[in-house]
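**Student:**
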Amino acid sequence: MSIEQAVRAMLTAGTTISLVPDARVTHGYRLQDTVLPAITYEVQSVEIGSCGASPTRIAQVEVRCIAELGADALAIAAQVRSASVAGTYSTFTFDAVIYQNHVLEAAAAGEGDEAAPSEAVCTMTIYYRE
Numbered sequence: 017m018s019i020e021q022a023v024r025a026m027l028t029a030g031t032t033i034s035l036v037p038d039a040r041v042t043h044g045y046r047l048q049d050t051v052l053p054a055i056t057y058e059v060q061s062v063e064i065g066s067c068g069a070s071p072t073r074i075a076q077v078e079v080r081c082i083a084e085l086g087a088d089a090l091a092i093a094a095q096v097r098s099a100s101v102a103g104t105y106s107t108f109t110f111d112a113v114i115y116q117n118h119v120l121e122a123a124a125a126g127e128g129d130e131a132a133p134s135e136a137v138c139t140m141t142i143y144y145r146e
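Everything in the sequence shown is counted per our numbering, starting at 17 for the first residue and increasing by one.
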C-alpha cells in the first residue's frame with residue numbers, strides 16, 4: 017500500500033463525492049479525451065513528523081476537480097472538502113486532514129476556439145501513520 021492509494025481510498029469512501037464516479041478519480045493525470053467531470057490528485061511531498069516505531073508523517077496533497085464549467089468544478093471541490101476527513105484508508109491511519117483551500121484556475125484556451133475544462137485546485141495537509 018502507498019499514501020497515494022490511501023488518498024484515493026479517502027476520496028472514494030462512501031458517497032460523499034457524488035458528482036464524480038469513482039472510476040474517474042485518478043492519480044497524477046487525466047487523459048485528455050476522457051469524460052468529464054473528473055478528479056486527479058497528487059501527493060506533492062511527505063515529511064517525517066515524529067520519531068518512534070510508528071512515526072507520524074505529513075503529506076501535502078493537491079486535488080484537481082475538473083469539469084466543463086467553473087461552477088461545476090467548485091461544486092466538486094466542496095464535495096472534496098466534505099470527503100477530506102480523518103480515518104483509516106487502505107491500512108493507513110489519517111490522524112488529521114487539514115483542508116487549506118481551493119482555487120478556481122483561470123480559464124485557458126484549448127485547441128482552436130475551444131475552452132479548456134475548468135479546474136478547481138484543492139490543497140490539504142494529511143497527518144498519518146502507516
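Note that the Cβ used here is the ideal one computed from N, Cα and C, for glycine as well.
#1: Go through its chain and collect everything with a Cβ distance to V51's Cβ below 8 Å, but skip five positions before and after it.
#2: Can you tell me the Cβ-Cβ gap for Y115 and I19, rounded? I've got them flagged as a contact below 8 Å.
#3: In angstroms, rounded to a whole number, what distance separates the CA positions of V96 and A69?
#4: Evaluate contact between the region 51 to 64 and the region 86 to 96, counting only Cβ atoms and requiring at least three cross-stretch pairs below 8 Å.
#5: Would you call L85 buried or exposed, if buried means 16 or more other Cβ atoms sit within 10 Å of its Cβ?
#6: Could you have a look at L120 and say whether DSSP puts it in helix, strand or coil?
**Tutor:** The structure says:
#1: R40
#2: Wrong, their Cβ atoms sit about 17 Å apart, outside the cutoff.
#3: 32 Å
#4: yes
#5: exposed
#6: strand
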